[in-house]
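I have placed the structure first, in the form of structure tokens, so that the comments after it can refer back to it.
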Amino acid sequence: MEFLVEPLVSQLFKRLFDILGSDELRGFARQLVGGVDSELDELNTKLEMINKALLDRAEDIQLMDPALKKWLVNLQHWAYDAEDLLDEFAYEALRRRLKVEQQASSSNGSRFLCANFPGPLFNVKIGSKIKKINNRLEQLHQQRLLMKDLPVVTSSNITPQRPKETSSVAPEKFVYGRAEDKAKLVAMVKSDPPCGNNFRVIAIVGMGGIGKTTIARDVYNHKEPEGFQFEEKAWVCVSTNFDILTISESLLQSLKDSTSSTPSDLNRVQVELQKAVSGKKFLIVLDDVWEVKKYSDWEELTSPFKVGAPGSTMIVTTRNESVAKTIRCSDSTYHLPLLSNEACKSLFQEHALAPGTAADTDQITETIYEKVVERCSGLPLAVKTLGGLLFFESTDTWEKLLDSKIWNSYENDVLPVLKLSYLYLPAHLKRCFAYCAIFPEDYEFKEEELVLLWMAEGIVQPTDKQLDKTDDHHHIKETTTVGRKQVKR
């Protein structure tokens, strides 16, 4: 899984800016002769230039061009060397200050200061090192300018690479292993909303590929004679762009007559939405919500629906626990579990052994099914992808393919989902995720031990609050889990 070794230069640049911004370091540099302070100014200027003009377009991306990836790797190596040099410089500045303070308080301070003022040898040595670092950075800068026309897919234009937009129309013939989950969600929909609200919000949370859209669709299309009738229904795929106007427009188009035009300003759209649901019991699904930055954004989006009839429901599917917390539905959050082994087997059979398969179904052994279940780790999307791949292969090649794990390079369905999960992690969590690749297959470790290793590598700062009390803890737990199961394959 090559994308896991993607260079993460932005975090290193942040560290360099922090060091260069130290008053103590710059004060020490101004004491040195030979232009050391001006070399640091030049380094800071070049860092800002690359960070703003070039790195922003090459960081947090899918590296589709080998030359661009090589440039980022070289820049990352340079950043490590620069960090080592600046750390050495900052240490010397601190050491000399402490020594001056200690001896100046117990002896003739003026004589000590003269004796310990930085000598010419240190000036020349440190100045030469900083100059070399500057020259290397300038070379990398010029290389990147020559590469400006290379194709790059950034997080801002990654949408075309995402899976197709979801729909309320079910593509599945049958939903395997989710009867209990559906029953619980239907019961949540039918339950009384929180006190003071006329509609409830239910969050379905789970990792990418686990089947959140499938179960939400099953509930959305559920037919029951009593207690599950809605006058208005709407389904909107939100994806990565939580834009209030865009989502509101999509909801309005779903709720009203499609032949009429839709206003283009938020006020008119929300007025029309309010009219569409006023006094009516509605069921709305906001599928694949990646992020809600502020609760006020959520309040603004949902404000037209407060005039709906009691018993109305809004279902949100998301892979991020933070979304459920932001929209304040902690009491109505459903964490979707992995599929059971038996359900994985049934789903696999549907996709791999459908009429017209190249395999001899009589020769499919239980050992093969066990390997399938192991490879897919309870993820329905992985099961369907593996089944679709093996559908075209004869039985005698199945075990060979399963043992070689060739399906990990089959990038039409599973890997884009996992890759997107990785790309949209914060940069510091990407480093946490990638770090898991150093562990051997099936290696078990405790979270606390892993966090200490992250701290030792400088990935997690030891001054941070306890991780189990921060919003990052959920992401870190998910990162370590995925790291054990996916990174090493």
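Heads up, the sequence shown is in our numbering, so the first residue is 1416 and it goes up one at a time.
Where a beta carbon is used, it is the ideal one built from N, C-alpha and C, also for glycine.
Residue environment, residue i, which counts as buried when at least 16 other CB atoms sit within 10 Å
i	result
F1763	buried
M1729	buried
L1817	buried
L1536	exposed
F1848	buried
F1428	buried
Y1749	buried
K1760	buried
D1596	buried
K1709	exposed
G1694	exposed
G1642	exposed
A1602	exposed
L1560	exposed
F1614	buried
Cβ shell of residue i (< 8 Å), same chain only, five flanking positions each side left out
i	result
N1408	The requested residue 1408 is not part of the displayed model; the chain covers only 1416 to 1904.
H1556	K1461, M1464, I1465 and L1469
Contact set for residue i: own chain, Cβ-Cβ below 6 Å, skip 5 residues either direction
i	result
A1508	E1439, L1440 and F1443
L1754	G1592, G1793 and P1795
I1545	E1454
H1766	K1799, G1802 and G1803
L1698	F1645, K1648 and T1728
A1585	R1632
L1667	T1677, V1684, E1687 and L1688
G1726	K1696
Straight-line Cα distance separating residue j from residue i
i	j	result
K1721	S1582	25 Å
L1552	D1811	55 Å
T1677	Q1685	11 Å
R1430	A1494	9 Å
V1568	D1496	Note that V1568 scores a pLDDT of 40, beneath 50, so its modelled location is shaky and nothing firm can be said.
P1752	T1661	31 Å
E1785	S1809	18 Å
L1688	F1589	34 Å
E1863	G1873	15 Å
L1768	E1781	14 Å
K1627	N1489	40 Å
I1617	A1724	17 Å
I1630	I1853	35 Å
K1696	I1434	58 Å
A1598	L1487	50 Å
Helix, strand or coil at residue i [DSSP, three-state]
i	result
L1583	Here residue 1583 is Ser; the residue named in the question, Leu, does not match the sequence. Three-state DSSP puts S1583 in coil, outside helix and strand.
E1765	helix
V1515	helix
P1575	Low confidence applies here, because P1575 scores a pLDDT of 38, under 50, leaving its location unreliable and the question unanswered by this model.
E1647	strand
R1593	coil
I1625	coil
F1614	strand
S1654	strand
H1637	coil
Y1858	coil
T1366	A query on residue 1366 cannot be resolved here, the shown segment of the chain reaching from 1416 to 1904 and no further.
V1620	strand
F1537	helix
S1693	coil
S1542	First, the residue type needs correcting, since residue 1542 is Gly and not Ser in the sequence shown. Helix at G1542.
S1520	coil
L1753	coil
I1783	helix
D1680	coil
Own chain partners of residue i with C-beta closer than 7 Å, once the 5 adjacent residues on each side are dropped
i	result
E1664	T1677 and V1684
F1652	With the sequence shown as reference, residue 1652 is identified as Cys, and Phe is not the correct amino acid for it. Here the set comprises E1580, T1581, D1702 and D1703.
V1788	N1756, C1759 and K1760
G1542	G1449, G1450, V1451 and E1454
Chain B contact for residue i (CB, 8 Å cutoff)
i	result
S1582	Going by chain labels, chain B is absent from the structure shown, which holds only one protein chain.
beta-carbon residue i near the ligand ATP non-hydrogen atom, thresh 7 Å
i	result
D1680	The ligand ATP is not part of the structure shown, which contains no ligands of any sort.
Runs of 4 residues minimum, wholly inside the segment 1698-1746: which ones carry the alpha helix (DSSP H) assignment? 1710-1717 and 1736-1741
Hey, which unbroken runs of the alpha helix (DSSP H) at 4 residues or more fall wholly within the segment 1425-1459? 1438-1446
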